[in-house]
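Protein chains in written order, with the numbering used here: chain A, 4 to 312; chain B, 142 to 296. For each residue, glycine too, the CB sits at the ideal point set by N, CA and C.
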Ligand SMILES: [Zn+2]
């Protein structure tokens with residue numbers, strides 16, 4: 004299995020073995036065991052839509068590997084303002100760099116960029132579609148908190164998803180990635196924001212046990228991982244309905260009295276009240292550590308696609 | 142027998158040479174006519190004919206021409222169970238059922254307004270997902286959204 008020269012566009016393109024390889028290299032990166040580039044390597048950051056956290060963690064990752072960074076942080080400074088197509092922009096930029104990392108508001112833009120460019124392209128978010136490096140980060144957080152995750156003898160993990168599961172891109176990608184591993188998934192959301200039917204069908208067809216629920220208290224005691232995402236007010240047609248149901252999707256310290264000792268709570272951050280601050284001091288909170296895994300995971304991806312390991 | 146045969150001919154006149162697209166689901170005939178690019182020759186359509194297999198069906202007959210592989214692929218997407226009859230001198234010389242391809246390129250438009258294919262000049266590409274019950278779904282290779290056959294737009 005070789006990653007050198009590959010694009011990273013969609014989690015759906017990755018096999019179990021490839022996911023495990025990325026996690027193994029991320030572990031090396033975290034321990035400072037990755038080599039650095041011996042020849043100049045340049046990463047072009049093409050952010051047509053701002054995302055400070057993703058951009059900075061990629062830039063940090065590249066610099067830790069001894070590479071350099073060029074690019075732009077939002078579309079205002081690019082010639083797309085002058086009407087240049089994405090395809091043409093990529094054909095121009097590909098001459099300047101060894102790897103392109105792209106974020107763009109339109110779905111499928113990263114796939115198009117990968118078709119236009121000869122160097123590897125890494126998708127950092129194409130609208131509501133995919134953000135695969137976030138998913139690898141989430142998988143790495145699961146592995147860090149449950150070290151047998153991915154092992155041949157891994158017992159099934161019970162993983163809960165909480166919040167807006169209809170529009171939650173991170174939830175869709177992570178659940179598809181988890182379908183390669185023994186696990187039971189519990190989807191906890193208001194009925195109007197439940198996991199889309201076609202995703203449920205894919206997961207069921209792959210033999211993943213899926214449960215749907217409406218209240219977090221019903222299931223939290225049985226979970227190994229609780230992955231919470233934002234529940235946005237704007238997604239509700241009826242604001243009274245939002246006020247009425249939101250309490251069922253907030254994690255508070257008081258709910259953690261009888262949970263499994265190894266329960267870890269993840270969140271892609273930023274949170275807006277889905278997890279109260281009193282949870283931060285419990286041993287179950289892992290979301291801040293999770294955010295810190297962004298750099299080693301992105302180091303691993305860069306090292307692999309640039310053929311460093 | 143002779144009487145019955147005449148009855149059929151009256152419904153949709155026979156053609157001397159050409160292609161008969163049979164077993165289209167009701168209402169599909171007009172879509173089929175729309176997507177077939179060159180229509181200089183005689184085209185006859187039958188809508189809501191009675192069918193033993195389907196209850197009601199549509200039929201399209203095109204004189205003096207065979208279909209290109211792209212056109213057959215389009216028909217297979219609209220009507221996965223359609224049959225094609227190649228006619229020579231009023232005789233069916235070849236008859237086959239269309240097979241939906243695994244991938245269709247450039248013939249379906251993605252209906253997702255946020256899909257890059259609706260903002261740049263891109264030849265669309267969809268993978269065709271075939272369910273066991275014979276129904277089809279199409280997944281856009283770019284935005285990755287999947288659509289039921291009823292939701293798609295043929296270019
Ligand atoms: Zn699309």
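Tell me whether residue i sits in a helix, a strand or coil according to DSSP, three-state version.
| i | result |
| --- | --- |
| residue 126 of chain A | strand |
| residue 58 of chain A | helix |
| residue 148 of chain B | With a pLDDT of 48 at residue 148 of chain B, under the threshold of 50, the modelled position of this residue cannot be trusted, and the question is left open. |
| residue 237 of chain B | strand |
| residue 289 of chain A | coil |
| residue 268 of chain B | strand |
| residue 183 of chain A | coil |
| residue 226 of chain A | coil |
| residue 253 of chain B | coil |
| residue 105 of chain A | strand |
| residue 243 of chain A | helix |
| residue 63 of chain A | helix |
| residue 112 of chain A | helix |
| residue 259 of chain B | helix |
| residue 211 of chain B | helix |
| residue 280 of chain B | strand |
| residue 164 of chain A | strand |
| residue 276 of chain A | coil |
| residue 142 of chain B | In this prediction, residue 142 of chain B has a pLDDT of 46, which is less than 50 and means its spatial position is unreliable; what the coordinates show is noted afterwards. Coil at residue 142 of chain B, not helix or strand. |
| residue 139 of chain A | helix |
| residue 281 of chain A | helix |
| residue 253 of chain A | coil |
Below 8 Å CB to CB, which residues in the same chain sit around residue i once its five sequence neighbours on both sides are set aside?
| i | result |
| --- | --- |
| residue 144 of chain A | 267, 269, 289, 292, 293, 296 |
| residue 7 of chain A | 307, 308, 309, 310 |
| residue 168 of chain B | 188, 199 |
| residue 262 of chain A | 223, 224, 226, 287 |
| residue 237 of chain B | 224, 225 |
| residue 294 of chain B | 249, 250, 252 |
| residue 1 of chain A | In this structure chain A extends from 4 to 312, so residue 1 of chain A is not present and cannot be described. |
Please state whether the Cβ-Cβ distance between residue i and residue j is less than 8 Å.
| i | j | result |
| --- | --- | --- |
| residue 211 of chain A | residue 254 of chain A | no |
| residue 208 of chain B | residue 249 of chain B | no |
| residue 185 of chain A | residue 221 of chain A | no |
| residue 142 of chain A | residue 180 of chain A | yes |
| residue 216 of chain A | residue 174 of chain A | no |
| residue 74 of chain A | residue 109 of chain A | no |
| residue 161 of chain A | residue 225 of chain A | yes |
| residue 120 of chain A | residue 97 of chain A | yes |
| residue 148 of chain A | residue 177 of chain A | no |
| residue 224 of chain B | residue 274 of chain B | no |
| residue 300 of chain A | residue 29 of chain A | yes |
| residue 244 of chain B | residue 269 of chain B | yes |
| residue 281 of chain B | residue 253 of chain B | yes |
| residue 24 of chain A | residue 183 of chain A | no |
| residue 88 of chain A | residue 285 of chain B | no |
| residue 296 of chain B | residue 247 of chain B | yes |
| residue 170 of chain B | residue 186 of chain B | yes |
| residue 241 of chain B | residue 277 of chain B | yes |
| residue 251 of chain A | residue 218 of chain A | yes |
| residue 279 of chain A | residue 256 of chain A | yes |
| residue 215 of chain B | residue 176 of chain B | yes |
| residue 248 of chain A | residue 193 of chain A | yes |
With a threshold of 7 Å on Cβ separation, who are the neighbours of residue i within its own chain once the five nearest residues in sequence on each side are excluded?
| i | result |
| --- | --- |
| residue 39 of chain A | 68, 69 |
| residue 161 of chain B | 200, 202, 226, 228 |
| residue 100 of chain A | 45, 46, 47, 73, 122 |
| residue 90 of chain A | 115, 119 |
| residue 302 of chain A | 32, 37, 64, 67, 68 |
| residue 171 of chain A | 232 |
| residue 142 of chain B | Caution is warranted here: a pLDDT of 46 is assigned to residue 142 of chain B, below 50, making its placement in the model unreliable, and the coordinate value is therefore given only provisionally. Result list for residue 142 of chain B: empty, nothing under 7 Å. |
Any chance the CB of residue i is under 7 Å from a heavy atom of ligand 3?
| i | result |
| --- | --- |
| residue 288 of chain B | Inclusion of ligand 3 in the displayed structure is not the case, the ligand content consisting of ligand 1 alone. |
Give me, in chain order, the residues of the same chain whose beta-carbon lies closer than 6 Å to that of residue i; leave out the 5 immediate sequence neighbours on both sides.
| i | result |
| --- | --- |
| residue 51 of chain A | 78, 107 |
| residue 266 of chain B | 246, 282 |
| residue 140 of chain A | 296, 297, 300 |
Under 7 Å, CB to CB, which of the residues in the segment 245-276 of chain A have a partner in chain B? none
Can at least three beta-carbon pairs, one atom from the segment 123-136 of chain A and one from the segment 5-19 of chain A, be found at a separation below 8 Å? yes
At a Cβ cut of 9 Å, what residues of the segment 248-265 of chain B count as close to chain A, listed as they run along the chain? 251, 253, 255, 256, 257, 258, 259, 260, 261, 262, 263
Beta carbons nearer than 7 Å to chain B: which residues of the segment 91-109 of chain A have them? 109
Taking 8 Å as the threshold, find out whether the segment 228-243 of chain A comes into contact with the segment 197-210 of chain A through three or more Cβ pairs. no
Is the segment 213-229 of chain B touching the segment 277-296 of chain B, taking contact as three or more C-beta pairs under 8 Å? yes
Three CB pairs or more closer than 8 Å across the segment 219-233 of chain A and the segment 154-173 of chain A: yes
Of the residues that make up the segment 281-292 of chain B, which ones have a beta carbon closer than 8 Å to any beta carbon in chain A? 281, 282, 283, 284, 285, 286, 287
Any contact between the segment 155-173 of chain B and the segment 53-67 of chain A? By contact I mean 3 or more CB pairs, one from each, below 8 Å. Segments in contact, no.
Stretch-stretch touch, CB-based, cutoff 8 Å, three pairs: the segment 103-115 of chain A with the segment 131-150 of chain A: yes
What residues from the segment 187-213 of chain A come within 9 Å of chain B, judged by C-beta to C-beta, listed N to C? 201
Between the segment 123-157 of chain A and chain B, which residues of the former have a C-beta closer than 9 Å to a C-beta of the latter? Cβ contacts with chain B: 129, 130, 131, 132, 133.
Check each residue of the segment 15-28 of chain A: if its Cβ is closer than 8 Å to any Cβ of chain B, include it; give the result in chain order. 15
When you check each C-beta in the segment 229-243 of chain A against every C-beta of chain B, which residues fall closer than 9 Å? Close to chain B, meaning a Cβ-Cβ distance shorter than 9 Å, is no residue of the segment 229-243 of chain A at all.
Residues of the segment 290-310 of chain A with a CB closer than 8 Å to any CB of chain B: list them in chain order, please. none
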